[in-house]
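I have placed the structure first, in the form of structure tokens, so that the comments after it can refer back to it.
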Amino acid sequence: MARGALADNLTALAALAEKGVVSGAVARERTLPVLAPFVDLLPHGALQRGSVVGCHGVAGVSLAIALAAGPSAEGAWVGVAGLPGLGVAAAVELGVAADRLVLVNEPTGSGADGTRFDDARWAEVLAAMIDGFDVLVLGPGTERVRAGTARRLMARLQARGAVAIVVGAPDAGPFGTDLTLQADSSQWQGLGDGHGVARGRRSVVQVAGRRVPRPRRAPLWLPGADGCIATIEQSHGTVVPLRPTG
Amino acid sequence: MAGAHVPRLGVLWCPHWPVVVAGAVAGEPVAVVHANRVIAHSLAAAEAGITIGQRRREAQACCPSVRIEQHDPMRDARVFEQVVRAVGVRVPRLEVTEPGLLTFVARGPARYFGGEAAMAEMLVQTAADALGGTSLSGTSLGVGVADGRFAAVVAARRSSRAGRPLVIEAGQPTTAEFLSRLSVRWLSVVAGVPADVVHLLQRLGMQHLGAFAALPEADVLARFGHVGAFAHRLAGGGDDRLPGTIDPPAGMQVQQVFDEPVHHSDALVFVGRQLAEQLVGALAADGRVCTRLLVTAETEHGEQSERLWYRSSGLSAAAMVERVRWQLDAWAQHEALTAGVMMLRLDPIEVCGDDGVQLGLWGGRTQADEWAVRAVARLVAVAGEQQVLVPAAQGGRQPHDAYTWVPAVTADLLEPAERLAMPAGPWPGRLPSPSPALVHDPAAPLSVVDAAGQVVRVTARGGVSAPPVAVAVGGTVERVQSWAGPWPVEERWWDATRTRRIARFQLLTVSGRLLLAVVERGTWALAAEYA
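From first to last, the protein sequence lines stand for chains A and B.
Take the first sequence: its letter number 17 is residue 17 in the UniProt record's numbering, and every next letter is one higher.
Take the second sequence: its letter number 42 is residue 42 in the UniProt record's numbering, and every next letter is one higher.
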């Protein structure tokens, strides 16, 4: 009984915060736009500047790129670190502007390639990226950054108003996330037993985090047949998450 | 007027230093490239026609046997430190202009060693001993003593060719006479005068510095502006400090005294960055930039490292940090330090007016673009040129073919149209979208087996020996849920050396991973993943 009332209050507070507590102008300045399928999923329908967003699950990389595509289309620069194999063709299909995409590639540490970045080097690299780019996509390569360094970097991120999108296993990296997006139950369409070709992936994206009192979820094409992200229209009503009882 | 004020300088020049560090032996063609351009080459390479500023490909076309080495200023500085230390014992207040080039005030040491010629001989011997067995790839060390930096550097480089030290008598007339017979190209090679100005002088018929120096000063200023006037002063053996060079007011130095001794050089460099930014900011407030910087570090036990650094175009914060790192690394490597560092100080010795760069008032650039371009420059300084990449379209059938990553320093970030113009297709055999989000280049090892545990083969008729059942990638084995393929591609069948016959598969595992696998000559590999 008591728990239900609390949850209702939290929901009401969240609704208030979304409607009027933060004025529209300030909210716009403090947010970065996202692609249409994310508008209903994210709190305020946008990415909060200074926040860290985690993207997990089998479709984590596509999810991160799709999140970065919204700001990128509006003129923001996207810096990628620790994700050496990022597919540019996929990023372009998802809506990232290739002319505002920069990748920092860590040396592999073998042969003439140079030594791998140590913690201080990572700190400098990420600090420079935070200063220069609005959106950072941080892959598993950045998981070796120490927790203390990561905290300092996140403070800088908040001061500068950039957004970090972290890809990888949940809780693997040193960056504490404000918001997590989990892309699970992926179903590839178009692939048969020795015939066909993958045409798209149905994936259910679940959003959770501090500002999200109840996890929200939506089925998305991630990516769809043309490589874009799209909402899957529901034919049988909305999915209602199970409520805890007792 | 000039003669009295121009300092008497000595210069020690190790020719082709980056090539020497790269381990070139006499007669071996070696070229060191930086951002795809040749910045240094060995004598043998020069004989084959390789010149500074050439593209890597052009150099390889001139001399197919040339060994190409990447530029590594860190390594150059580290190896040069042995020379610096040996010479530093004899000559105080050394200034490392760049790895391979030392400058010092000649007056004191010349008196001590009994004349400039004797000092020069002694320095050649000292430096040669310090280098020990290091092969100078067929060249010899050069020492030049002359009035002013320009004449001294030119003298040192000439002396390296002649094989004996070169001392130019003091006084403006003798300096001018020494320079008069030399090519005007020295102006751009040594003094940083823009190459197009020098080229223009040559097209106007002035091949030698003497001819240029003979022009009236006022006419040169009227025709070539301040750059020309500066070059003219150099050619005439005059004061070669940049216009507006002054000694900064006292108290501009910045230093950090640590509460706890610092043992880690990275931590010191980090502090050095803060100090450098502070110093550059303070100077910039006056519209000035530091050209000569004294970096001092001191340990708890009083061991001290002091170095002068010079850059004619002014030291940016990044350049200062780079020099701090060179100095600290060399110090820690060559001296067994007994304690941690307690103090780090940056002291501007010489500053001059900052010409700066004025951005256009309007245009397509936004604030975000400016920030990003600046961040890229910073990233290159921090992470290295080969590490900061931007996409470029190249077209192709494989997932890693459509776009490639190129170093950001070689690309124009604000004019990307040419870089991202996809070459006209069609690319028959290209997989339809969606494209894989993770591309493995080079392809990762992969093994695909059928129900009997045999590796699946692609038959000559484009079929499979048996349906794939399990796939092993990165140490895990997963069952295949569904699959499609093989899609054969035969690329460049007209070129016997570059031709490829491959077959591609999409494999969906039970855990939901969709892999793009390729088979080439019976070997499976993971080309990309739809992550």
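We put the beta carbon where it would ideally sit given N, CA and C, even for glycine.
Span of the alpha helix (DSSP H), counted from its first residue to its last, around B:Asp-441 | For B:Asp-441, no alpha helix (DSSP H) encloses it; the enclosing beta strand (DSSP E) starts and ends at 438 to 445.
Cβ pair count under 8 Å reaching 3, the segment 321 to 333 of chain B against the segment 211 to 218 of chain B | no
Under three-state DSSP, which class holds B:Ser-160?
-> helix
Which residues DSSP lists as bridging B:Ser-511, in chain order | B:Ser-511 pairs with nothing; no bridge assigned.
Alpha carbon to alpha carbon, what distance is there between B:His-232 and B:Val-145?
-> 21 Å
Name, in chain order, the residues that DSSP records as bridge partners for A:Cys-228.
-> Answer by DSSP bridge pairing: none, since A:Cys-228 is not bridged.
Could you tell me whether the Cβ of B:His-16 comes closer than 9 Å to any Cβ of chain A?
-> no
Helix, strand or coil at A:Ser-23 according to DSSP, with G and I counted as helix = The predicted position of A:Ser-23 is uncertain, since its pLDDT is 36 and thus under 50; a value taken from the coordinates is nonetheless stated next. Three-state DSSP puts A:Ser-23 in coil, outside helix and strand.
Per DSSP, what kind of secondary structure is B:Gly-108 in: helix, strand or coil?
-> helix
Examine the Cβ distances between the segment 418 to 437 of chain B and the segment 89 to 108 of chain A and report whether three or more of them are shorter than 8 Å.
-> yes
Under the rule that 16 or more other beta-carbon atoms within 10 Å means buried, what is A:Ala-198, buried or exposed?
-> buried
Give the C-beta separation of B:Gln-152 and B:Leu-9 to the nearest angstrom, bearing in mind that I take them to be a contact with Cβ-Cβ under 8 Å.
-> Strictly speaking, residue 152 of chain B in this sequence is Ala, with Gln absent from that position. Right, the Cβ-Cβ distance comes to about 4 Å (below 8 Å), so this counts as a contact.
If you draw a straight line from the alpha carbon of B:Gly-356 to that of B:Arg-93, how long is it in whole angstroms?
-> Note that B:Gly-356 scores a pLDDT of 48, beneath 50, so its modelled location is shaky; the value from the coordinates is reported in the next line. Each residue's Cα considered, the two are about 30 Å apart.
Three-state class that DSSP yields for A:Gln-182 in the structure shown | Three-state result, A:Gln-182: strand.
Might you give, ordered along the chain, the residues of its own chain that have their beta carbon closer than 7 Å to the beta carbon of B:Val-220, omitting 5 neighbours on each side?
-> Gly-228, Ala-229, His-232
What does a CB cutoff of less than 7 Å around B:Thr-126 pick up in its chain, not counting 5 residues either side in sequence?
-> Excluding five sequence positions before and after B:Thr-126, the CB atoms of its chain that fall closer than 7 Å to its own CB belong to Ala-86, Val-87, Arg-90, given in chain order.
Is B:Pro-216 helix, strand or coil when you go by DSSP?
-> coil
Could I get the ranges of all uninterrupted beta strand (DSSP E) runs contained in the segment 69 to 103 of chain A, with 3 residues as the minimum, in chain order?
-> 78 to 81
By how many angstroms is the C-alpha of A:Ile-165 removed from the C-alpha of A:Val-205?
-> 15 Å
Within chain B, partners of A:Gly-192 - CB distance below 9 Å | Ser-482, Trp-483, Ala-484
Any C-beta of chain A sitting closer than 9 Å to the C-beta of B:Asp-495?
-> no
Using CA coordinates, which residue listed in B:Ala-372, B:Val-456, B:Val-184 is at the minimum distance from B:Ala-408?
-> Checking every option, the nearest Cα to that of B:Ala-408 belongs to B:Ala-372.
Keeping to the same chain, check which residues put their C-beta closer than 8 Å to that of B:Gln-358; ignore five residues upstream and five downstream.
-> Since pLDDT at B:Gln-358 reaches only 37, below the 50 mark, its modelled position is unreliable, and the value read off the structure follows with that caveat. Answer for B:Gln-358: no residue qualifies.
Of all the residues that make up the segment 369 to 389 of chain B, which are near chain A by a beta-carbon distance shorter than 7 Å?
-> Trp-371, Ala-372, Arg-374, Ala-375, Val-376, Arg-378, Leu-379, Val-382, Ala-383, Gly-384, Gln-387, Val-388, Leu-389
Rank A:Asp-131, A:His-44, A:Leu-220, A:Ala-66 by C-alpha distance to the C-alpha of A:Arg-160 and give the top, closest one.
-> A:Asp-131
What span of residues does the alpha helix (DSSP H) with B:Pro-407 cover, start to end?
-> First-last for B:Pro-407: 403 to 407, but that is the beta strand (DSSP E), not the alpha helix (DSSP H).
Kindly indicate which residue of B:Thr-499, B:Arg-157, B:Glu-303, B:Leu-293 has the alpha-carbon position closest to the one of B:Ser-312.
-> B:Leu-293
Among the residues of its own chain, which have a CB less than 7 Å from the CB of B:Arg-181, if the five just before and after it don't count?
-> His-208, Gly-210
Can you tell me whether B:Ser-482 is buried or exposed, with buried defined as 16 or more other CB within 10 angstroms of its CB?
-> buried
So, are the CB atoms of A:Val-137 and A:Ala-64 less than 9 Å apart?
-> yes
Put A:Thr-115 into one of helix, strand or coil per three-state DSSP.
-> coil
Please classify B:Glu-335: is it buried, with 16 or more other beta-carbons within 10 angstroms of its beta-carbon, or exposed?
-> exposed
Measure from the alpha carbon of B:Pro-445 to the alpha carbon of each residue in B:Ala-466, B:Gly-474, B:Thr-459, B:Val-439, then state which is nearest.
-> B:Gly-474
What residues from chain B crowd round A:Ala-230, counting only those whose CB sits closer than 9 Å?
-> Under the 9 Å cutoff, chain B gives no residues; its nearest Cβ is about 11 Å from A:Ala-230.
Whose Cβ in chain A lies nearer than 7 Å to the Cβ of B:Trp-405?
-> Leu-103
Secondary structure of B:Ser-482, DSSP reduced to three states | strand
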